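K.L.:
Residue numbers for the sequence shown follow my numbering, beginning at 798 and rising by one.
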Amino acid sequence: MTWKIALPMYNVSPRIEGAYEALLLALAGEAGVNAELVRPHDLPSFWRSPELLLSQTCGYPYMTQLRGEVALLATPCFDFHGCEGSDYRSAIVVREGGGIRSLADARGRVAAVNERHSHSGMNALRHAVAPHTRDGRFFASVKWSGSHAASLRLVREGAAAIAAIDSATFGYLALEQPDSLRGLSILQYSAPSPGLPLIAGRAVPDELAAQLRAALLAPSPAVQQLMSALHIDRFEHRADADYERVLLLEAEARAAGYPVLT
798 MTWKIALPMY NVSPRIEGAY EALLLALAGE AGVNAELVRP HDLPSFWRSP ELLLSQTCGY
858 PYMTQLRGEV ALLATPCFDF HGCEGSDYRS AIVVREGGGI RSLADARGRV AAVNERHSHS
918 GMNALRHAVA PHTRDGRFFA SVKWSGSHAA SLRLVREGAA AIAAIDSATF GYLALEQPDS
978 LRGLSILQYS APSPGLPLIA GRAVPDELAA QLRAALLAPS PAVQQLMSAL HIDRFEHRAD
1038 ADYERVLLLE AEARAAGYPV LT
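1) What are the uninterrupted segments assigned as alpha helix (DSSP H) that are 4 or more residues long and contained completely in the segment 821-862, given in chain order?
2) Residues in its own chain within less than 6 Å of Pro989 by CB, not counting five upstream and five downstream?
3) Does the segment 884-904 come within contact of the segment 942-957, defined as at least 3 CB pairs closer than 8 Å?
4) Check Tyr885 in the structure and name its three-state DSSP category.
5) Leaving aside the five residues before and after Leu1014 along the sequence, list all residues of the same chain whose C-beta is less than 7 Å from its C-beta, in chain order.
6) Starting from the Cα of Phe768, find the closest Cα among Ala957, Ser948, Ala958 and give me that residue.
7) Quick test of your reading: Val910 and Ser942, contact by CB under 8 Å. State the CB separation rounded to the nearest angstrom.
8) Give the secondary structure of Asp1003 by DSSP, where H, G and I count as helix, E and B as strand, and everything else as coil.
9) For Leu984, collect the residues of the same chain with a Cβ closer than 6 Å to its Cβ; drop the 5 residues on either side in sequence, then sort them by chain order.
10) Beta-carbon separation of Leu995 and Tyr817 under 8 Å?
11) Going by Cα to Cα distance, which pick from Ala921, Tyr859, Ala825 is closest to Pro1056?
12) Check this for me: beta carbons of Ile1029 and Pro873, under 8 Å apart or not?
Next comes the structure, spelled out in structure tokens:
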């Protein structure tokens, strides 16, 4: 059988994409399996595919859609600001000179958000502004951009006033596309939660999943070199219950009367 593998979450440049693909191939090779690199357009379907060997998801779709259907392998520990161990935060970004000096100043403005099911772009921002809402509203409108890079562009160009950006994505962009951050500043960081986990597909045998996890937690020199190129210090195995933190932030926003980012 030829398994399918993809790590599409942080591919902000050809160099980063190539490094992640090399990491995937190295992990599959160390597990002794045949694997084909793919670049899926429909991630929810890909994550549920019986051919999936190894991929990465966000904590919010994991908790709301994939729990029980995929296996948690390990979570990266990045050396970027806003990341601590395998926890991460969202950088809440505004345009310099845009008149926003606190979250309360963003009331009635436009927010740019990458995806409706993103923890870093949607759930973390909803939680951050929930204490400042009035009658269940905060923003004038929300623009769904399709990616963190697109959200930053909307803020930079003045089409939106604020966005929440995965701190690892922000770190990669600072290295790979520094112009994309020009004229922007970090207002504050969101509450922390476990980072984006690497997952094994539902059809992956337990023994093979254990091999993949071991290759991440105790990497060979070749895998460690690839991790270093990606600013990953190490991987940690996070228990399923750790990701309850993602839903706790959602519950706190709901308790504040803010169930939907508006």
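Even glycine gets a Cβ: it sits at the ideal position worked out from N, Cα and C. Only a predicted model underlies this, so the values are computations on that prediction, with no experimental measurement involved.
P.N.:
Let me spell this out:
1) 840-844
2) The sequence position of residue 989 within the sequence shown is 192, counting from 1. Here the set comprises Asp884, Arg886.
3) yes
4) As a working mapping, residue 885 is identified with position 88 in the sequence shown. Residue state, collapsed to three classes: strand.
5) Here residue 1014 corresponds to residue number 217 of the sequence shown, with the count starting at 1. The answer, listed in chain order, is Ala871, Phe1032, His1034.
6) Here the chain covers residues 798 to 1059 and nothing more, so residue 768 does not appear.
7) On the sequence shown, residue 910 is found 113 positions in, with the first residue counted as 1. On the sequence shown, residue 942 is found 145 positions in, with the first residue counted as 1. That pair is a contact at about 7 Å.
8) As a first step, residue 1003 must be located in the sequence shown, where it is residue number 206. If DSSP states are grouped into helix, strand and coil, Asp1003 belongs with the helices.
9) As a working mapping, residue 984 is identified with position 187 in the sequence shown. Taken in chain order, the residues that qualify are Ile889, Val891.
10) Locating residue 995 in the sequence shown gives position 198, counting from the first residue. Locating residue 817 in the sequence shown gives position 20, counting from the first residue. Against a cut-off of 8 Å, the Cβ pair of Tyr817 and Leu995 comes out as no contact.
11) Along the sequence shown, one-based indexing puts residue 1056 at 259. When only C-alpha atoms are compared, the closest one is Ala921.
12) Residue mapping note: residue 1029 aligns to position 232 of the sequence shown, counting from 1. Residue mapping note: residue 873 aligns to position 76 of the sequence shown, counting from 1. Yes, Cβ-Cβ distance for Ile1029 and Pro873 is below 8 Å.
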